[in-house]
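Engineer:
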Amino acid sequence: MKIAVVKEIREGERRVALVPESCAKLAKAGFTVAVEGGAGNGAFFPDDAFREAGAGIGSDPAELLSGADLVLKVQPPMFNRIVGRHEAYMMRPGAVLVGQLVPARHPDAVVQLAGRGITAFATDRIPRITRAQPMDTLSSMASIAGYKAVLIAANLLPRYFPMLSTAAGTILPAKVFVIGAGVAGLQAVATARRLGAVVEATDTRSAVREQVLSLGARFVGVETGESAEDAGGYARELSPEFYRKQAELIAGRCAASDVVITTALIGGVKAPRLVTAEMVRGMKPGTVIVDVAAEGGGNCELTRPGETVVEGGVTICGDDNLPSTLPWHASTLFSRNLTAFVLAFWKDGRFRVDPADEIQRAALVTHEGKEATG
Amino acid sequence: MKIAVVKEIREGERRVALVPESCAKLAKAGFTVAVEGGAGNGAFFPDDAFREAGAGIGSDPAELLSGADLVLKVQPPMFNRIVGRHEAYMMRPGAVLVGQLVPARHPDAVVQLAGRGITAFATDRIPRITRAQPMDTLSSMASIAGYKAVLIAANLLPRYFPMLSTAAGTILPAKVFVIGAGVAGLQAVATARRLGAVVEATDTRSAVREQVLSLGARFVGVETGESAEDAGGYARELSPEFYRKQAELIAGRCAASDVVITTALIGGVKAPRLVTAEMVRGMKPGTVIVDVAAEGGGNCELTRPGETVVEGGVTICGDDNLPSTLPWHASTLFSRNLTAFVLAFWKDGRFRVDPADEIQRAALVTHEGKEATG
Amino acid sequence: MSPELEQGLYVFVLATFVGFEVIRRVSPLLHTPLMSLTNAISAIAVVGSIVVAGEQKTTLSTVLGTVAVACSMINIVGGYLITYRMLRMFRKSDRGKP
Amino acid sequence: MSPELEQGLYVFVLATFVGFEVIRRVSPLLHTPLMSLTNAISAIAVVGSIVVAGEQKTTLSTVLGTVAVACSMINIVGGYLITYRMLRMFRKSDRGKP
Amino acid sequence: MIERAIPLIYLGAAASFVLALKWLSSVPTARRGVIVGIAGMALAVGGTLLRPEIVSYKWIAAAFVAGTVIGVPMAMMPMTAVPQRTALSHAFGALAAALVGTAEFYLQAPRIDRFTMGALALEVLLGFLTFTASLMAFGKLQEILPTRPITYRNQNVVNLAVLGVAAGSGAYLVARPEAAWLFPVLAVLSLLFGVMLIVPIGGADMPTVISLLNSYAGLAAAAMGFVLDNKLLIIAGALDGSSGLILSVIMCRAMNRSFTNVLFGAFGQVQEGAGTAGEQRTVRSATAGEAAAILQAASRVIVVPGYGMAVAQAQHKVRELFDALTKAEIDVRFAIHPVAGRMPGHMNVLLAEADIPYDRLVEMEDVNSEFPQADVALVLGANDVTNPAARHDRSSPIYGMPILDVDRARTVLVVKRSMSPGFAGIENELYHLDRTLMVFGDAKAVVGNIVRELAGGGGN
Amino acid sequence: MIERAIPLIYLGAAASFVLALKWLSSVPTARRGVIVGIAGMALAVGGTLLRPEIVSYKWIAAAFVAGTVIGVPMAMMPMTAVPQRTALSHAFGALAAALVGTAEFYLQAPRIDRFTMGALALEVLLGFLTFTASLMAFGKLQEILPTRPITYRNQNVVNLAVLGVAAGSGAYLVARPEAAWLFPVLAVLSLLFGVMLIVPIGGADMPTVISLLNSYAGLAAAAMGFVLDNKLLIIAGALDGSSGLILSVIMCRAMNRSFTNVLFGAFGQVQEGAGTAGEQRTVRSATAGEAAAILQAASRVIVVPGYGMAVAQAQHKVRELFDALTKAEIDVRFAIHPVAGRMPGHMNVLLAEADIPYDRLVEMEDVNSEFPQADVALVLGANDVTNPAARHDRSSPIYGMPILDVDRARTVLVVKRSMSPGFAGIENELYHLDRTLMVFGDAKAVVGNIVRELAGGGGN
Ligand SMILES: NC(=O)c1ccc[n+]([C@@H]2O[C@H](COP(=O)([O-])OP(=O)(O)OC[C@H]3O[C@@H](n4cnc5c(N)ncnc54)[C@H](OP(=O)(O)O)[C@@H]3O)[C@@H](O)[C@H]2O)c1
Ligand SMILES: NC(=O)c1ccc[n+]([C@@H]2O[C@H](COP(=O)([O-])OP(=O)(O)OC[C@H]3O[C@@H](n4cnc5c(N)ncnc54)[C@H](OP(=O)(O)O)[C@@H]3O)[C@@H](O)[C@H]2O)c1
Ligand SMILES: NC(=O)c1ccc[n+]([C@@H]2O[C@H](COP(=O)([O-])OP(=O)(O)OC[C@H]3O[C@@H](n4cnc5c(N)ncnc54)[C@H](O)[C@@H]3O)[C@@H](O)[C@H]2O)c1
Ligand SMILES: NC(=O)c1ccc[n+]([C@@H]2O[C@H](COP(=O)([O-])OP(=O)(O)OC[C@H]3O[C@@H](n4cnc5c(N)ncnc54)[C@H](O)[C@@H]3O)[C@@H](O)[C@H]2O)c1
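Protein chains in written order, with the numbering used here: chain E, 541 to 914; chain H, 541 to 914; chain V, 13 to 110; chain S, 13 to 110; chain Y, 245 to 704; chain A, 245 to 704.
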């Protein structure tokens, strides 16, 4: 079975779907792996490393994609301007595509894939069950996003993070407020605590309280009778009454904080508006907001996805591809996740598409020309 | 006595020599303080805050400088393109200037100041004695530089800093190598350790070994019989034999590290060349060098002061004004240092120039038209 | 060896052991109250004093005995009272803490 | 109350105290050896047994006494030996560590 | 002449016993304790042999030889058989006391004063009951007898009746020593009661029971002391009685069992002991003290932290534990499961905060092959990541997840607050294994207690 | 009839004393200890009053009243005067024993057996010497007498001679009780020896000496017990004797003094006690145990970390100390000097690593006004930043630097390895203050030991 990996074409994307380490593993399992030349450059994996790992190096993405039974990607397929064709159309019908497709955000790509008869798996839809964790790209990428969000904030903040007693007086620790304490939020909490900040976090799901405390940070929350969790463990939408109370809480905490990190998503995809322009105006000059949910539209009203803007002394970072700023580890983890997924269904020399399997059923986006219903 | 503070004109300089808190303190002591409008903007101190602290706001730097008995600055005086005059020439003869002048790096400024008959104190020449620590701008700025150097490195590095065990495999901690463990180097060691990296440091002075260990990091050093310390506690130049052995050590450690932070200075001013182009070639792609000594010429051969360059996969950050990237705290500390200096010699309503005093003697750069001999 | 002596010795040795064992790991905090308490216990001589004073065999013995009883009594009353006061202080300072 | 009983009781009460105090804080590591040791000490019945066996007052008493001495002896020899062996093990495992 | 020294010799023996117990209760002085104990016994025996009443040494010598010949091989039983051996040895000791009592009775009765008769009755009662009870305990431990508790209806009534009649006979004898025919009744009933006492107690409780029987044997010896007016016997007996009692209390506490439950086990357990006990899934729990002892005796320890350690914020205590064990030259490593906690690297964050050296962390693949060599796997608030069901139970939601094979360590100590499940919401069969001991409680508190035990438990 | 119960009453009294001591040796049970102690004494007195030998209660009642009238006000002395009070109370107790001995002698002599006479001589010797020695101790503590040790050449020879003659008289009396004239000699020499014993001991050692005298008084009572064949006296006396002895050993250890040095202080101190002691700059050092006791007794502690804490990497141990003290409801704060350590924020990095809550750190300006209210300032490897020379010594290189005013705390504990200076290379006069105790050693080790003491020293 042939696997193809092409250079990611989304602007600013530095990750690669497979790293040499995984190529070697897949080759050993019996796959033939081909990688586009320079695909790993952004993440500091030179072509030579892929060669050493037993992968072939191709130069033409169209050729690579059309010849592959299995295509591994980071970003959903998109129109390749250089080649002048859409990636989905370079693949042959019946081929399998695995990647973080986020179908809810890329309905166009889903249509193209279905139309082309490609069997596509979205790793972001893999259920959050214990057994599937090694394949869970959302977790590994979110963890990086949370970590980087804090580093970016620390770099943009005109203040120190830690407390320091110096001959020129005491420096008080920065106050960091994390909204949404899923994987990214928790990692942000942990990283900010490492740097010595005073950290508070809020979330709608009740289990999170204990998790935040377990990292030594403070939890602030709205008392609610509603269950904030859907069946998949994701947050669900709540009553207007709840959002009103929450807005009050957030406005207060934001005004008192030096750094605000927002990571809230609903259903894993949609970013609720939690920090309004009004609230930003109430914040101290010099405050930094890092909106990790930028790709989902942003939790802050003033976030411009992909850009860093300053509004009334408040810096708002809307980087919409944080994992890509840590390309070496992001690629490595992503690649391991995909490899785990592929090898889990690799039996008798074949990758088996099996919609009866719990994981595959959830992750399947298109199959045999139709959109899968999940 | 009138104090004037103008907006710093060096490109990229975001600090201000006095912050409102210090203005209030000086005003209370009997000074009249005037600040140029917008001088604090870069550091997020709005004019209003200065006004509230009792400072007057002026708009013309020439007017402010010429009317002042005491001028406080961050950077040495330089040619003001907008006004079209050199700052030294805007001051009146006999006035006192206090700032981090670094005379060894700015001989031109010294000449101008002497020519203009200005009494200038360089805070960077204040002796490193216990009593003078509250005035020691070198320490407070170096501390910021060390802290920021690590944050910048962590941001540029394509890898995680901390060790993490995740479902997609274990992430090994980044290896950080700190060259020169003075104030900046030690702060870099501490910050990198906070972020979970494995840290090694080297220095020529023998007392540093214990200090590095006292931060929980590893010390690597060249065994030497030579005393590496001059009378002032600064590092002095050593024998070629020593530098040969040291180069070997550094080359080895650099090749094994993910991040190299260089902070070595001789006599507090000159940066020795410690990381050669050859050594950079021996480093792994993706490695990051942050050259904190860039302003002194850089410890790395490939450093371009003020720029960040990538050479053979190695990113070399040569930011030559790191403290300015943390403007709020940098200004606050700087301002407190200057205030401590001024108030220490403020007696009976007058700032007393007293070359007999140990601190003033050391810090005096020009006085009564002559260069001071120190 | 007289049986009296034998019996006495057994009791003495055992009681010595008990004393050692009981005090061996006392908290330094309690050194002073303990001293006062042992002080009070050493007033056990009152037992002998009472007998001597009460037997009224000779004037000398009665006088000596009476003085001895008084002395012991000072010891008893003072020892226990002060120990008790000291311990009460512990309590108070405990509660007084912020 | 007979003086015998009185004396006996003093000794008994004190010895009981000593036993309690001494064992009270023993490390759990030593529970088993301690049990063996107290086991061996309980063979003190040998003192009575020897007298009964040695007096040879009646055949019954001599026989019973002799059996009792043998039984006690098993207890003594076994108890001490095993305690000793156990403690030696402690040592070894200590030394065997990396 | 020499016999005038006997009281002094006895005094020395008594003091030696006290010292022996004292020294044996702390590790560094334990050996000294044994030696002084032996010396004490030698003094006691030697002193007795000097007594003028003794007219012939023939039988005594024979008995000495016989006792030694039987005693030495018994002491050479393998270490695992120590409890059995102790039980058996007890039986002999108690029998000795009972036989002496019997001999004395027939020597003195009916010219026997009340006080002596009372002590004598007590001696015989305790002696005989301890004899048979010890034999029963031996049988259960050696698995000659069925180890499971045997219970029947009204067991407690029957037992109490037997004891009551025995005690009654004793009391009657005190009042009228001439009723010598009652003596055999007393003896037989005592023997019977000893058997009945042990029947309803399960094998697992035997060590505690033995320690308690030890205490009874001591009391029998003390009673003998009253009969013979011998202070040495009284002291040694009392020492034995009290230390045996307190030791069994301590042991109960260490096993997290109520002492009364064991002490009156015969009566209390009737209800629960009946039926299926043994077939049920049992859980063995331990105290922090016992956990400390187990860790102290280990050479290699692997710590498995989980979400519970994070919740308890126990990382600094874990650091203390690490320090304490490392100082005792015990090799401690940390095995971090990839998904332990609630976010990637959750455990790393905490362990780094506590400054656990990186080289002490081992990856899952490497550590799994090391568990079989580990003396102790210490699981701190981890659950799902140690669940063996992942290896074999195809129906389990975590089937197929690689887990940490803690169940392959020699002993598994699990610290958690209750039997509740972890994130995946499933039961963990690890907790029912024979080699597993649960230490219930908040991880921070438990680890803190273990550290304290390790510091203080050394004995001094 | 009722007097048959006296032995039982006495037994109860003896048991009460044992329990009293036992309970008093741990904080939570201490009050119970006093109460049972009082009960024991009541039993003893009550039991004695029942004795048939007593023919008249008149004098006894009068003596009771007198004793109470004097005793109560004595017990109301201020707490700071406790040592004096104890000494005085001792004097009375010892006197009672000596007087009873005297009375017995004149009642029985010369028809007195050797054993009784021996015990009696011991009783009188110990009683009288303790009497005068206690009075002397009282005088020194109350500063009626000069507190400094008074020594002269050959002091030890003279003292030993006096004791020797006293003991010799006693021995002669044992051999020939009819030599009644020797009795006053014995009494006077004992009184004299008591004085001579205390003369060469300094005021600072008095508490230990008192505890030791306590032990002597106990032994006197025990001797009385042998004379009167009274077990209660023997037990109470022996308890007192042994507990007093061990207590003084413990106190010596806590003060880092050798016990023999104090016990034979009279003879040992001659050489060193002489001369200039007091004028020299002295340094008082303490052990970790004493430091723990001082901390335990405090309500407010301010910890001052310095470079030494960093060098020792003691931050995790400091965290443990913080936990332990906080748990004991002691208020602990950290005062970080701006230039402590070797880089800005050096201490913060370490304390953050150990997760000391930020709100426990106080700034220099705020904390300096709090030192006078602090019971203990614990200086951990800080030196220059605590040097009072900065405040007043214009010639000092650190003159004018603001420092942490630790010298204003009630007690200053300084943990460092030696007397070597810090970064500035100058001596620190703080170390020579009266309120300062140096705890020498590596900061990590010392703090670790203190924590251990705090955990174990609680008594149970
Ligand atoms: N790592 C990730 O990224 C991630 C993210 C989400 C979910 N998960 C899931 O989380 C689980 C992680 O496994 P795990 O073994 O670490 O945790 P776990 O299976 O959730 O078990 C944690 C155990 O800790 C105990 N506990 C809780 N608080 C405690 C306290 N204060 N003191 C002592 N014990 C305490 C609980 O038992 P008691 O209540 O009886 O004390 C519980 O059984 C896996 O199922 C994994 O899939 C992981
Ligand atoms: N903060 C800064 O930025 C900075 C930078 C450079 C210099 N300085 C200077 O450094 C000094 C700081 O004052 P400081 O009070 O923190 O330190 P210090 O005055 O240097 O005193 C540190 C003390 O710690 C003791 N010590 C060293 N290792 C120890 C160990 N393992 N365990 C226990 N004690 C140990 C040493 O005494 P023993 O040897 O007897 O143990 C020493 O006296 C000031 O003079 C300051 O001016 C500060
Ligand atoms: N079983 C596993 O192995 C595993 C692995 C990783 C994650 N998970 C679980 O998956 C779930 C989702 O995690 P995720 O990181 O992908 O979440 P996510 O990225 O979908 O959302 C981020 C966080 O935002 C929160 N949020 C949503 N609306 C909010 C609002 N209005 N205000 C504040 N917070 C709001 C959510 O509750 C969530 O915690 C969690 O339950 C997590 O524990 C499970
Ligand atoms: N007394 C005080 O209060 C006080 C305050 C701050 C600093 N100081 C002291 O001032 C001195 C200078 O500190 P700084 O931070 O300004 O130093 P710096 O900035 O002048 O130099 C940085 C470090 O580079 C090192 N270095 C020089 N050549 C090197 C080489 N070839 N290889 C490796 N390392 C080399 C130096 O030893 C120094 O540690 C130190 O002794 C410091 O402890 C004292």
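Cβ coordinates follow ideal geometry from the N, Cα and C atoms, glycine included.
So P641 (chain Y) and A598 (chain Y) are supposed to be a Cβ contact under 8 angstroms. How far apart are they, rounded?
Structural biologist: Reading the fifth sequence from its first residue, position 397 is the one you call residue 641 (chain Y). Reading the fifth sequence from its first residue, position 354 is the one you call residue 598 (chain Y). No, P641 (chain Y) and A598 (chain Y) are not in contact; Cβ-Cβ is about 32 angstroms, not under 8 angstroms.
Engineer: Return no unless some Cβ of chain A is closer than 9 angstroms to the Cβ of V723 (chain H).
Structural biologist: By 1-based counting over the second sequence, the position of residue 723 (chain H) is 183. So yes, V723 (chain H) belongs to the interface.
Engineer: In this structure, does DSSP put I801 (chain H) in helix, strand or coil?
Structural biologist: Here the question's residue 801 (chain H) lines up with position 261 in the second sequence. Strand.
Engineer: Any idea what DSSP makes of S486 (chain A), helix, strand or coil?
Structural biologist: Here residue 486 (chain A) refers to the residue found at position 242 of the sixth sequence. Helix, per DSSP.
Engineer: Would you list the one or two residues that DSSP bridges to F782 (chain E)?
Structural biologist: As a position in the first sequence, residue 782 (chain E) is number 242, starting the count at 1. In DSSP, F782 (chain E) forms no bridge with anything.
Engineer: Under 9 angstroms, Cβ to Cβ, is there at least one residue of chain A near P698 (chain E)?
Structural biologist: Within the first sequence, the letter at position 158 stands for residue 698 (chain E). Chain A, which has no Cβ nearer than 9 angstroms to the Cβ of P698 (chain E), makes this no.
Engineer: To the nearest whole angstrom, what separates the beta carbons of V471 (chain A) and E67 (chain V), a pair I think is in contact under 8 angstroms?
Structural biologist: For the purposes of this step, residue 471 (chain A) is taken as the residue at position 227 of the sixth sequence. For the purposes of this step, residue 67 (chain V) is taken as the residue at position 55 of the third sequence. With 8 angstroms as the limit, V471 (chain A) and E67 (chain V) do not qualify as a contact, their Cβ atoms being about 14 angstroms apart.
Engineer: DSSP beta-bridge partners for S705 (chain E)?
Structural biologist: For the purposes of this step, residue 705 (chain E) is taken as residue 165 along the first sequence, with counting starting at 1. Answer is E:T710.
Engineer: For the segment 652-662 of chain E against the segment 622-641 of chain E, do three or more pairs of beta-carbon atoms, one drawn from each stretch, fall closer than 8 angstroms, so that the two count as touching?
Structural biologist: With a cut-off of 8 angstroms, the segment 622-641 of chain E and the segment 652-662 of chain E count as touching, because enough Cβ pairs lie within range.
Engineer: Buried or exposed: G31 (chain V), going by 16 or more other Cβ atoms within 10 Å of its Cβ?
Structural biologist: Counted from its first residue, the third sequence places residue 31 (chain V) at position 19. Classification of G31 (chain V): buried, given that the 10 Å Cβ count is 16 or more.
Engineer: Ends of the alpha helix (DSSP H) at V748 (chain E)?
Structural biologist: Taking the first residue of the first sequence as 1, we reach residue 748 (chain E) at position 208. Note, V748 (chain E): alpha helix (DSSP H), A747 to L753.
Engineer: Quickly, what does DSSP pair N672 (chain Y) with across the bridge? List them, please.
Structural biologist: As a position in the fifth sequence, residue 672 (chain Y) is number 428, starting the count at 1. Beta-bridge pairing links N672 (chain Y) to no other residue.
Engineer: Given 8 angstroms as the limit, tell me if R668 (chain E) has its C-beta closer than that to any heavy atom belonging to ligand 1.
Structural biologist: To locate residue 668 (chain E), count along the first sequence from 1; it is residue 128. Yes.
Engineer: Taking 8 angstroms as the cut-off, is the CB of V748 (chain E) close to at least one heavy atom of ligand 3?
Structural biologist: Along the first sequence, read from residue 1 onward, the residue named residue 748 (chain E) stands at position 208. Correct: V748 (chain E) has its Cβ closer than 8 angstroms to ligand 3.
Engineer: Compare the C-alpha of R550 (chain H) against each of H:T872, H:P895 and H:D860 and name the closest.
Structural biologist: Taking the first residue of the second sequence as position 1, residue 550 (chain H) is located at position 10. When only C-alpha atoms are compared, the closest one is H:D860.
Engineer: Check the Cβ of K475 (chain A) against every Cβ in chain S and list those closer than 7 angstroms, keeping chain order.
Structural biologist: Stepping through the sixth sequence from its first residue, residue 475 (chain A) is reached at position 231. What K475 (chain A) touches in chain S: Y22.
Engineer: Exposed or buried, I647 (chain A), counting other C-beta atoms within 10 Å across all chains shown (16 or more means buried)?
Structural biologist: Within the sixth sequence, residue 647 (chain A) is the residue found at index 403, counting from 1. Counting Cβ neighbours within 10 Å, I647 (chain A) comes out buried, since at least 16 surround it.
Engineer: Can you pull every residue whose C-beta falls closer than 5 angstroms to some heavy atom of ligand 2, listed in chain order?
Structural biologist: Residues flagged by the Cβ proximity filter: H:T670, A:G550, A:Y551, A:G552, A:V555, A:A556, A:V583, A:A584, A:G585, A:R586, A:M587, A:P588, A:G625, A:A626, A:N627, A:D628, A:V629, A:K660, A:R661, A:S662, A:S664, A:G666, A:F667, A:A668, A:D686 and A:A687.
Engineer: Compute the distance between the beta-carbons of T395 (chain A) and P444 (chain A), then report whether it is under 9 angstroms.
Structural biologist: Position 151 of the sixth sequence, counted from the first residue, corresponds to residue 395 (chain A). Position 200 of the sixth sequence, counted from the first residue, corresponds to residue 444 (chain A). Result yes, Cβ atoms of T395 (chain A) and P444 (chain A) sit closer than 9 angstroms.
Engineer: Can you give me the C-alpha to C-alpha distance between L483 (chain Y) and L49 (chain V), rounded to a whole angstrom?
Structural biologist: As a position in the fifth sequence, residue 483 (chain Y) is number 239, starting the count at 1. As a position in the third sequence, residue 49 (chain V) is number 37, starting the count at 1. In a straight line, the C-alpha of L483 (chain Y) is about 27 angstroms away from that of L49 (chain V).
Engineer: If the criterion is Cβ atoms closer than 9 angstroms, does the pair N695 (chain H) and L691 (chain E) meet it?
Structural biologist: Working through the second sequence from its first residue, we reach residue 695 (chain H) at position 155. Working through the first sequence from its first residue, we reach residue 691 (chain E) at position 151. A contact, by the Cβ cut-off of 9 angstroms.
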